[in-house]
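Undergrad: What follows is a single structure, and I will ask about it in a moment.
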Amino acid sequence: MYDCIIIGAGPAGCTAAGRLAEKGRKVLLVERCRLPRYKSCSGVLIKKSMDFVKLYIGEETPVHTMCAPAENRGMIFTNDHGKEYRFEQEGLNVWRSSFDNWLAGKAVEKGVLLRDGTMAVSCEEQEDYVSVILHGEKTYTEKAKYVLDCEGVTGAVKRSLSAENNGYITTFQTFNRGSIDLDYHYFYAYLQPELSQYDAWFNVKDNLLVLGVSVKEAGKIKSYYENFLSYMKKEHNLYIEEETKAEKWLMPHIRPGCRVDYGTGRILFAGEAAGFLNPMGEGISAGMESGYWAAEAAAAHFENPQKVLDAYQKGAASLQAYMQRQWSFVGGIAGTFREME
Ligand SMILES: Cc1cc2nc3c(=O)[nH]c(=O)nc-3n(C[C@H](O)[C@H](O)[C@H](O)COP(=O)(O)OP(=O)(O)OC[C@H]3O[C@@H](n4cnc5c(N)ncnc54)[C@H](O)[C@@H]3O)c2cc1C
204 MYDCIIIGAG PAGCTAAGRL AEKGRKVLLV ERCRLPRYKS CSGVLIKKSM DFVKLYIGEE
264 TPVHTMCAPA ENRGMIFTND HGKEYRFEQE GLNVWRSSFD NWLAGKAVEK GVLLRDGTMA
324 VSCEEQEDYV SVILHGEKTY TEKAKYVLDC EGVTGAVKRS LSAENNGYIT TFQTFNRGSI
384 DLDYHYFYAY LQPELSQYDA WFNVKDNLLV LGVSVKEAGK IKSYYENFLS YMKKEHNLYI
444 EEETKAEKWL MPHIRPGCRV DYGTGRILFA GEAAGFLNPM GEGISAGMES GYWAAEAAAA
504 HFENPQKVLD AYQKGAASLQ AYMQRQWSFV GGIAGTFREM E
């Protein structure tokens with residue numbers, strides 16, 4: 204019997220696992236992929252994420268997780284009228300495979316038992332524990348007093364447990380050799396409705412130019428992407444010598460109000476599985492913070508699931524308020540966002 208089984212070794216799951224282990228709890232962290240695993244991501248650690256790394260992990264983000272240029276100097280938004288907004292802020296540029304692998308290693312150092320290549324198939328709440336069916340080299344059942352589901356955006360376990368789902372945004376990004384008249388130290392987001400149905404972006408990772416778009420209607424993604432390329436060629440002299448990689452992914456659709464599903468009984472959700480994602484697509488800090496608060500709540504009120512849930516909601520209330528403020532901010536600069544019901 205574990206005190207807690209955590210599903211998913213992303214920022215939410217690793218932070219939660221480490222915190223529970225620090226509090227003396229017996230924790231199993233399961234990850235369906237072999238680590239280091241790939242995660243489609245721009246890999247920008249904003250200042251808030253950097254601070255959480257220091258606060259929750261107790262160390263600075265290590266250099267080996269970073270890619271060039273390692274320093275991110277902020278974000279530059281172009282709204283639906285072509286007006287530019289610059290937000291200068293200290294940040295870092297990381298590869299998620301290395302960063303998340305490092306987070307998982309830190310959780311293990313704190314005493315967490317990690318099983319990668321192990322997928323949670325389902326979980327069911329019993330009288331005073333939860334049974335979890337796991338599938339690795341074989342299929343077997345483990346038991347825990349609590350389950351913290353941190354599966355990320357499309358979690359199958361989450362879907363089997365909760366009807367709450369705000370829908371998805373599909374993302375498409377390419378990695379390219381080439382050149383462009385933009386500063387590689389910034390993350391650029393474009394909110395013009397002809398370029399995407401959410402946002403389009405440009406950033407650089409290890410000298411590869413990353414160009415992406417996000418849409419509500421997945422079938423339209425390539426045509427938006429073509430529009431975005433044309434725009435970048437015209438406005439910023441984009442030249443693509445060779446596309447080295449293209450990938451699609453999903454993000455939770457964060458709507459005005461930023462609804463979150465904290466879970467029920469002994470099964471809690473954190474990170475994207477719960478709906479935590481800042482409206483501009485920044486989710487590492489939200490994953491870490493929600494994972495931390497879920498772990499704090501479980502450790503503090505271990506004998507009383509209702510108190511755990513209440514404490515988790517209370518702890519994460521400021522994060523939800525931050526998401527809502529961000530929503531108002533983006534809605535304030537781009538009408539297309541405001542109307543995103
Ligand atoms: C294109 C794109 C760009 C982004 N750019 C940024 C950015 O620059 N900065 C930023 O802060 N955020 C960014 N995000 C958002 C960020 O990637 C996510 O919000 C963040 O990874 C969420 O963390 P998480 O721990 O909730 O989930 P994840 O990081 O998705 O981790 C979930 C883990 O659970 C595992 N898993 C899933 N199902 C199971 C199962 N049944 N059993 C076991 N394991 C399972 C998965 O393999 C995965 O490792 C971006 C997202 C996208 C799509």
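In our numbering, the protein residues as written are 204 to 544. Note that the Cβ used here is the ideal one computed from N, Cα and C, for glycine as well. What you are looking at is a predicted structure, and each value in this text was computed from that prediction instead of being measured.
1) Distance, Cα to Cα, G246 vs G294?
2) Taking just the CA atoms, how far does W305 sit from E446?
3) Under 8 angstroms: does the beta carbon of E360 sit that close to some heavy atom of ligand 1?
4) Buried or exposed for D331, going by 16 or more other Cβ atoms inside 10 Å?
5) Taking only heavy atoms of ligand 1 into account, decide whether any of them is closer than 8 angstroms to the Cβ of R299.
6) Is the closest heavy atom of ligand 1 to the C-beta of L480 under 8 angstroms?
7) I'd like to check one pair, T377 with G422: are the Cβ atoms closer than 9 angstroms?
8) So does K448 have its beta carbon nearer than 8 angstroms to some heavy atom of ligand 2?
9) Return yes when at least one heavy atom of ligand 1 lies under 8 angstroms from the C-beta of Q523, else no.
10) Going by the C-beta, is I487 closer than 8 angstroms to any heavy atom of ligand 1?
11) Can you find at least 3 beta carbon pairs, one from the region 491-507 and one from the region 338-346, that sit closer than 8 angstroms?
12) Under the assumption that S363 contacts S325 (Cβ atoms under 8 angstroms), give the Cβ distance between them as a whole number of angstroms.
13) Which of helix, strand or coil does DSSP assign to I383?
14) For a minimum of 4 consecutive residues, which ranges assigned as the alpha helix (DSSP H) are wholly contained in the region 254-323?
15) Identify every residue that forms a DSSP beta bridge with N481.
16) Which residue wins for smallest C-alpha separation from H267, given the options F255, F280, R299, R289?
17) So N379 packs on R462, CB below 8 angstroms; how close in whole Å?
18) Can you tell me whether N296 is buried or exposed, with buried defined as 16 or more other CB within 10 angstroms of its CB?
19) Are the beta-carbon atoms of M454 and V356 separated by less than 9 angstroms?
20) What did DSSP end up calling E429 once you bin it into helix, strand or coil?
TA: This is what the structure holds:
1) The residue labelled residue 246 in the question sits at position 43 within the sequence shown. The residue labelled residue 294 in the question sits at position 91 within the sequence shown. Straight across, the Cα-Cα distance linking G246 with G294 is about 10 angstroms.
2) Walking along the sequence shown from the start, residue 446 turns up at place 243. Walking along the sequence shown from the start, residue 305 turns up at place 102. In a straight line, the C-alpha of E446 is about 29 angstroms away from that of W305.
3) Here residue 360 refers to the residue found at position 157 when the sequence shown is read from its first residue. A quick correction: the sequence has Val, not Glu, at residue 360. Checking the Cβ of V360 against ligand 1 gives yes.
4) To locate residue 331, count along the sequence shown from 1; it is residue 128. Per the 10 Å Cβ criterion, exposed.
5) Translated into the one-based positions of the sequence shown, residue 299 becomes position 96. Correct: R299 has its Cβ closer than 8 angstroms to ligand 1.
6) Numbered from its first residue, the sequence shown carries residue 480 at position 277. Checking the Cβ of L480 against ligand 1 gives yes.
7) Here residue 422 refers to the residue found at position 219 of the sequence shown. Here residue 377 refers to the residue found at position 174 of the sequence shown. Taking 9 angstroms as the Cβ cut-off, G422 and T377 do not qualify as a contacting pair.
8) What this structure holds is ligand 1, not ligand 2.
9) If you number the sequence shown from 1, residue 523 lands on position 320. No - ligand 1 has no heavy atom lying nearer than 8 angstroms to the Cβ of Q523.
10) Start at 1 with the first residue of the sequence shown, and residue 487 comes out as number 284. Checking the Cβ of I487 against ligand 1 gives yes.
11) no
12) Numbered from its first residue, the sequence shown carries residue 363 at position 160. Numbered from its first residue, the sequence shown carries residue 325 at position 122. The beta-carbon separation of S363 and S325, rounded to 6 angstroms, stays under the 8 angstroms limit for a contact.
13) Here residue 383 is taken as the residue at index 180 of the sequence shown, counted from 1. In this structure, I383 counts as coil in the three-state DSSP scheme.
14) 299-312
15) To locate residue 481, count along the sequence shown from 1; it is residue 278. BP columns for N481 point to E485.
16) Numbered from 1 along the sequence shown, position 64 holds the residue referred to as residue 267. Of the candidates F255, F280, R299, R289, the one whose C-alpha sits nearest the C-alpha of H267 is R299.
17) The residue given as residue 379 occupies position 176 in the sequence shown. The residue given as residue 462 occupies position 259 in the sequence shown. Not quite, the Cβ-Cβ distance comes to about 36 angstroms (not below 8 angstroms), so this is no contact.
18) The residue you call residue 296 lines up with position 93 of the sequence shown. Classification for N296: buried.
19) Within the sequence shown, numbered from 1, the residue matching residue 454 stands at position 251. Within the sequence shown, numbered from 1, the residue matching residue 356 stands at position 153. A contact, by the Cβ cut-off of 9 angstroms.
20) On the sequence shown, position 226 is the one that residue 429 refers to. Residue state, collapsed to three classes: helix.
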